[in-house]
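Structure, as C-alpha cells:
Protein chains in written order, with my numbering: chain A, 29 to 122; chain B, 12 to 424.
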C-alpha cells in the first residue's frame with residue numbers, strides 16, 4: 029500500500045486513489061490517417077517497464093483531479109508526483 | 012521408473028529411499044532445435060507435447076527460478092471452461108478435455124478433482140449474464156446448469172443467500188474443479204524429461220539474438236545457446252522478454268494476491284466464484300480454504316499486493332459464508348500477472364521469425380495449462396497456429412477482433 033502525495037491535497041492513503049495506467053501517451057492527431065497497426069499500438073500497446081513507470085492517477089475520494097506519478101515498479105517506490113501538463117521528469121541516476 | 016502399485020510395493024522394501032529423481036539437472040548444451048523460455052506448467056507442457064506429438068528431439072526448457080516456483084505454484088488452482096465467447100470456449104474446453112486424462116497421460120497424479128464450480132448471481136443483471144453465458148456454453152457443448160436460489164442453498168449448505176447482496180442463483184459447471192498445481196509442473200517436467208527434454212533451472216534469459224529478422228540464439232546466465240526456434244512462455248515478465256527481441260506487447264503486469272486459511276475438516280465440496288461481490292474460494296485436500304479475488308490496478312513487478320485488496324477478498328467471503336468468519340488466514344502471497352486489454356491470452360507468432368509467444372494469461376492461466384501447451388506446441392512446430400490458437404494472435408489488437416472476456420465477465424477471471 030502506498031502513501032501518495034497528491035499535488036493538490038498532499039499525502040493521502042492509496043485507497044483514496046485509482047490508477048489509470050501509463051501516462052504521456054499522445055492520441056494521434058489525425059486518427060483517420062493512421063494505419064490499423066498504428067491505431068492498435070496507440071490503443072493497446074504499453075511500455076510496461078520493469079523499473080521506472082510514468083502513470084496517471086486520480087484522487088477519487090479527495091479533490092477528484094488527475095495527476096501523474098513516477099514510480100519504480102520493482103520496489104513500488106514513488107519517486108515523484110506532478111500535475112497534468114507538466115513535462116515528464118528525468119529518470120534519476122541510481 | 013513408472014509410478015505404479017508394483018513399484019510402490021517394491022520400493023517399500025528399501026524404505027522408499029531408492030526412488031529415482033523425477034527429473035535431473037543437465038548442463039545447458041550449446042545448441043538446441045527448440046528452446047522454451049519459462050518452466051511453468053505452460054512451458055513444460057509445450058516441451059512435453061513437442062517431444063511426444065511432434066517428435067522433436069533436441070529441446071530445452073529454461074527456467075530462471077525453479078520448476079513450479081512461479082505463477083504455476085501461486086494460483087488458486089481453479090479449472091473451468093464456461094467462457095462466453097466461442098474462441099475462449101474452444102480453448103478452455105480443449106484444456107478441460109486434456110485435464111480429464113492428464114494423470115494417466117503423465118503417469119503422475121495431478122489430483123484433478125471435478126467437484127463442480129458455482130458462479131453466483133446477485134442481481135437481475137447477474138441472472139441475465141449467467142443465462143446468456145449458460146446458453147452460450149450449451150451451444151459450444153460445455154456443460155452448464157442454471158440454478159435458482161433454492162437450488163443453490165440446497166447444494167451449498169453453509170452459504171448465506173440473504174446477505175447484503177443476496178444470492179439469486181448460480182451457473183454450475185460440474186466438469187469444473189481444481190487440481191494440485193505443483194503436481195502439474197512436476198508431472199509435465201518428469202514426463203518431458205523422459206522424452207529427452209533438458210530442463211535447465213536457475214537459468215535466466217538475458218538477451219535474445221536476432222539476425223535478419225530471425226531468432227538465432229539466446230544469452231542466458233548459464234551462457235549462450237544457439238537455437239532454431241524459441242517459444243517464450245513467461246508469466247509476469249512477458250514485456251521484459253519481448254523487449255529483448257525488439258518488440259512490445261499489449262500487456263500490463265499487475266499484482267494478484269491469494270490467501271489460504273488454517274486447515275479445517277471438509278466443509279466446502281465445490282468451487283465458489285462471485286464476480287459481483289468478487290471472491291472465489293475452494294477447499295484444498297489439506298483442508299485449507301484457498302481464497303482469491305481481483306488484481307491491483309497498477310503495474311508492478313514487486314510480487315506484493317495492497318492490503319486493501321485482502322480486505323476486499325475477505326468482506327464478501329464472510330458475507331457469503333458467515334461460518335468462515337472466525338477462521339484464521341495462514342498465508343497470503345502475491346504473483347505478477349500479465350493482463351491484456353481483452354483479458355484473453357496471446358498465442359502465436361511474433362514480429363521475429365521462428366520466435367513464438369504464449370503469454371498474457373492474466374489472472375486465469377492455470378486452468379488452461381494443458382490446452383495452452385498443446386496448441387502452442389503445434390504452433391511452434393508448424394510455424395502457424397491451429398484453429399483453436401489462431402484467434403489469440405497479437406494481430407487481433409490491430410484488426411479489432413478482440414476476444415473480449417473482460418467485458419463478458421466484468422472482472423478478472
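The beta-carbon is built from N, C-alpha and C at its ideal position, and this holds for glycine as well.
In chain order, what residues of the same chain lie with their CB nearer than 8 angstroms to the CB of residue i, ignoring the 5 residues before and after it?
{"i": "residue 120 of chain A", "result": "107"}
{"i": "residue 264 of chain B", "result": "247, 248, 249, 250, 310, 311, 312, 347, 348, 349, 350"}
{"i": "residue 209 of chain B", "result": "37, 39, 40, 43, 70, 71, 72"}
Indicate the three-state DSSP secondary structure (helix, strand or coil) for residue i in the structure shown.
{"i": "residue 372 of chain B", "result": "coil"}
{"i": "residue 162 of chain B", "result": "helix"}
{"i": "residue 278 of chain B", "result": "coil"}
{"i": "residue 67 of chain A", "result": "helix"}
{"i": "residue 25 of chain B", "result": "coil"}
{"i": "residue 248 of chain B", "result": "coil"}
{"i": "residue 344 of chain B", "result": "strand"}
{"i": "residue 180 of chain B", "result": "strand"}
{"i": "residue 295 of chain B", "result": "coil"}
{"i": "residue 269 of chain B", "result": "strand"}
{"i": "residue 100 of chain A", "result": "strand"}
{"i": "residue 196 of chain B", "result": "helix"}
{"i": "residue 325 of chain B", "result": "helix"}
{"i": "residue 189 of chain B", "result": "strand"}
{"i": "residue 113 of chain A", "result": "coil"}
{"i": "residue 88 of chain A", "result": "coil"}
{"i": "residue 423 of chain B", "result": "Unreliable positioning characterises residue 423 of chain B in this predicted model, as indicated by a pLDDT of 49, which lies under 50. The coordinate reading is nonetheless provided below. Coil, per DSSP."}
{"i": "residue 74 of chain A", "result": "strand"}
Tell me which residues share the same chain as residue i and place their Cβ nearer than 7 angstroms to its Cβ, disregarding the 5 neighbours each side in the sequence.
{"i": "residue 232 of chain B", "result": "214, 215, 217"}
{"i": "residue 75 of chain A", "result": "50"}
{"i": "residue 64 of chain B", "result": "388"}
From this set, the options, which residue's C-alpha is nearest residue i's C-alpha?
{"i": "residue 272 of chain B", "options": "B/303, B/288, B/376, B/205", "result": "B/303"}
{"i": "residue 312 of chain B", "options": "B/332, B/268, B/111", "result": "B/268"}
{"i": "residue 416 of chain B", "options": "B/350, B/384, B/385, B/133", "result": "B/350"}
{"i": "residue 91 of chain B", "options": "B/399, B/78, B/189, B/133", "result": "B/189"}
{"i": "residue 89 of chain B", "options": "B/245, B/60, B/359, B/282", "result": "B/282"}
{"i": "residue 211 of chain B", "options": "B/34, B/18, B/25", "result": "B/34"}
{"i": "residue 414 of chain B", "options": "B/357, B/382, B/62", "result": "B/357"}
{"i": "residue 193 of chain B", "options": "B/174, B/120, B/135, B/62", "result": "B/120"}
{"i": "residue 41 of chain B", "options": "B/333, B/234, B/173", "result": "B/234"}
{"i": "residue 323 of chain B", "options": "A/43, A/54, A/70", "result": "A/43"}
{"i": "residue 100 of chain A", "options": "A/30, A/80, A/114, A/113", "result": "A/80"}
{"i": "residue 360 of chain B", "options": "B/105, B/243, B/205", "result": "B/243"}
{"i": "residue 195 of chain B", "options": "B/402, B/180, B/384", "result": "B/384"}
{"i": "residue 105 of chain B", "options": "B/402, B/23, B/404, B/381", "result": "B/381"}
Comparing the CB of residue i with every heavy atom of the ligand ATP, is any distance shorter than 7 angstroms?
{"i": "residue 166 of chain B", "result": "Among the components of this structure there are no ligands whatsoever, and the ligand ATP is therefore not found."}
Between residue i and the rest of its own chain, which residues show a CB-CB distance below 6 angstroms, the 5 nearest in sequence each way excluded?
{"i": "residue 230 of chain B", "result": "217, 218"}
{"i": "residue 285 of chain B", "result": "131"}
{"i": "residue 224 of chain B", "result": "364"}
{"i": "residue 124 of chain B", "result": "188, 189"}
{"i": "residue 46 of chain A", "result": "86, 88"}
{"i": "residue 352 of chain B", "result": "261"}
{"i": "residue 128 of chain B", "result": "91, 184, 187, 282"}
{"i": "residue 423 of chain B", "result": "With a pLDDT of 49 at residue 423 of chain B, under the threshold of 50, the predicted position of this residue should be treated as unreliable, though the coordinate-derived value follows. Result list for residue 423 of chain B: 305, 306, 374, in chain order."}
{"i": "residue 426 of chain B", "result": "Nothing can be reported for residue 426 of chain B: it is not among the residues displayed for chain B, which extend from 12 to 424."}
{"i": "residue 134 of chain B", "result": "none"}
Using a Cβ cut-off of 8 angstroms (strictly closer), state whether residue i contacts chain B.
{"i": "residue 88 of chain A", "result": "no"}
{"i": "residue 39 of chain A", "result": "no"}
{"i": "residue 62 of chain A", "result": "no"}
{"i": "residue 58 of chain A", "result": "no"}
{"i": "residue 96 of chain A", "result": "no"}
{"i": "residue 78 of chain A", "result": "yes"}
{"i": "residue 46 of chain A", "result": "yes"}
Quick check on residue i - is its C-beta less than 8 angstroms from some C-beta in chain A?
{"i": "residue 269 of chain B", "result": "no"}
{"i": "residue 252 of chain B", "result": "no"}
{"i": "residue 308 of chain B", "result": "yes"}
{"i": "residue 402 of chain B", "result": "no"}
{"i": "residue 86 of chain B", "result": "no"}
{"i": "residue 408 of chain B", "result": "yes"}
{"i": "residue 260 of chain B", "result": "yes"}
{"i": "residue 319 of chain B", "result": "yes"}
{"i": "residue 352 of chain B", "result": "yes"}
{"i": "residue 311 of chain B", "result": "yes"}
{"i": "residue 22 of chain B", "result": "no"}
Looking at residue j and residue i, is the spacing between their C-beta atoms short of 8 angstroms?
{"i": "residue 85 of chain A", "j": "residue 102 of chain A", "result": "no"}
{"i": "residue 169 of chain B", "j": "residue 278 of chain B", "result": "yes"}
{"i": "residue 307 of chain B", "j": "residue 316 of chain B", "result": "yes"}
{"i": "residue 428 of chain B", "j": "residue 48 of chain B", "result": "This structure gives no information on residue 428 of chain B, because the portion of chain B shown stretches from 12 to 424."}
{"i": "residue 60 of chain B", "j": "residue 378 of chain B", "result": "no"}
{"i": "residue 227 of chain B", "j": "residue 236 of chain B", "result": "no"}
{"i": "residue 72 of chain A", "j": "residue 259 of chain B", "result": "no"}
{"i": "residue 408 of chain B", "j": "residue 68 of chain A", "result": "yes"}
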